[in-house]
Amino acid sequence: MKKWLILIIAALFAMPLIAGCGQKQEAEKKPLVMKPPVSIAEEADTDEEAQFDEVLSSTQSLPKTAAEPAADSAAAAQSPQEQHGTVEVSTVAGQDAATLPSGQARPGAPSLGAEELVIADFDSGEKPNNLDGNFGAWNKDPQDAAQWCKESFDNAVRHGEKGFAMRLDYSVESPNPAYNGFWMMLPNFDASKYDNLAFLVKGDSKEGYTTVFKVELKNASKQIGRFYVSNVSDQWQQVLIPLSEFKGLLDRSSLTELVIVFEDRIASNKRGVIYVDDFKFTKQ
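For the sequence shown, my numbering begins at 2 and goes up steadily by one.
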């Protein structure tokens, strides 16, 4: 009797140990879950977020009202500060100002030269652009009256003695997520032999303006390169962005569209007017 009792007690202690071994073996048989490699699009989004975070931190101290003092622009021209993911621009003194790779304009220097292609100067006051591409304003949510963008030709505020500039009235002053801007078609344009995208920009001192906005380039393969421009002022300034800085745009041989984006999350002034002119691709 005692012998049977001892065997029963031993069996009761042994059962959990046997069950535990079985569970351990089952656990060891389960495959490891591997995360898929990061795609090009995800890498581009990561780059954009890094650019956005840096621009956002650099604009925390920027005023949300209109123009920056001319003295600040002059100081910026003397001591250019380069930021990853952004181009800071400075005042263009007349039509002979040349843009440096850092995005700083230098008064009195020779012009950009012959190795450039103008894609939109708006001087005709009509569509299309110089590449026969259409353009216009776009809105994230046309049903939201608090967010919008409108484009118009302006011959009063222009760079140069004649022609027009493109005026962009915008608002991202909405309780909902808001962004909008300006699009321009580049019909499968081959920009592989060019090094930079250049254009002029100016904020409206009376209406107010954002000092920061985003520029995008798209291609036929649905790749999108993004870049933030900062330090916009109420004077005409020339921006020069190396095409290599458009992260995510691996193929520049078939560009289809250029886009300007005003974003509620980063705009220093959520409602205002920005003027742009003389978009071109340039060589070094």
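Just so it is clear, CB atoms sit at the ideal spot from N, CA and C, and this is done for glycine as well.
Pair within 7 Å by beta-carbon distance, residue i and residue j
i    : j    : result
S222 : D265 : no
M167 : E258 : no
I267 : V213 : yes
L218 : G226 : yes
F154 : G126 : yes
P188 : G134 : yes
L250 : Q285 : no
K281 : V119 : yes
V260 : W184 : yes
D191 : S254 : yes
H160 : L132 : no
E162 : T283 : no
Three-state class that DSSP yields for residue i in the structure shown
i    : result
C22  : For C22, the predicted model reports a pLDDT of 49, less than 50, meaning its position is unreliable; a value from the coordinates is still stated below. In this structure, C22 counts as helix in the three-state DSSP scheme.
S245 : helix
G164 : coil
S269 : coil
E127 : coil
P176 : coil
Q236 : coil
D145 : coil
A76  : No answer about A76 holds up, because its pLDDT of 30 lies below 50 and its placement is not dependable.
R227 : strand
T212 : coil
G204 : strand
A199 : strand
D191 : coil
K219 : strand
S59  : With a pLDDT of only 47 at S59, under the threshold of 50, the placement of this residue in the model should not be trusted, and no figure is reported.
Residues bridged to residue i (per DSSP)
i    : result
G182 : W139, V262
Y171 : C150, G273
P155 : First, the residue type needs correcting, since residue 155 is Asp and not Pro in the sequence shown. Bridge partners of D155: A166.
T283 : E117, N197
L132 : Answer is none; L132 lacks a bridge partner.
D252 : None; D252 has no bridge partner.
D295 : Coverage of the chain is limited to positions 2 through 285, which leaves residue 295 absent and any answer about it impossible.
Proximity to residue i [Cα-Cα], best of the options
i    : options                : result
E246 : K271, K215, N232       : K215
K141 : E162, N156, A179, L169 : A179
G164 : T211, K284, D279, Q285 : D279
L169 : F282, K203, S255       : K203
E174 : F190, F263, Q224, F200 : F263
A121 : A199, V158, N232, K194 : A199
I275 : L132, A192, G182, W139 : G182
S172 : T283, V277, N270       : N270
S193 : P243, S206, D205, K128 : P243
L256 : N177, T283, N220       : N220
P143 : F228, N177, K248, T211 : N177
D205 : D124, D145, V277       : V277
N1   : T211, D145, F123, K207 : With the chain covering 2 to 285 only, the question about residue 1 has no answer from this structure.
Review point. Is it a yes or a no for the segment 231-247 touching the segment 140-155, going by three-plus beta-carbon pairs under 8 Å?
Key: Look at the beta carbons and you see the segment 231-247 not touching the segment 140-155: under three pairs across the two are nearer than 8 Å.
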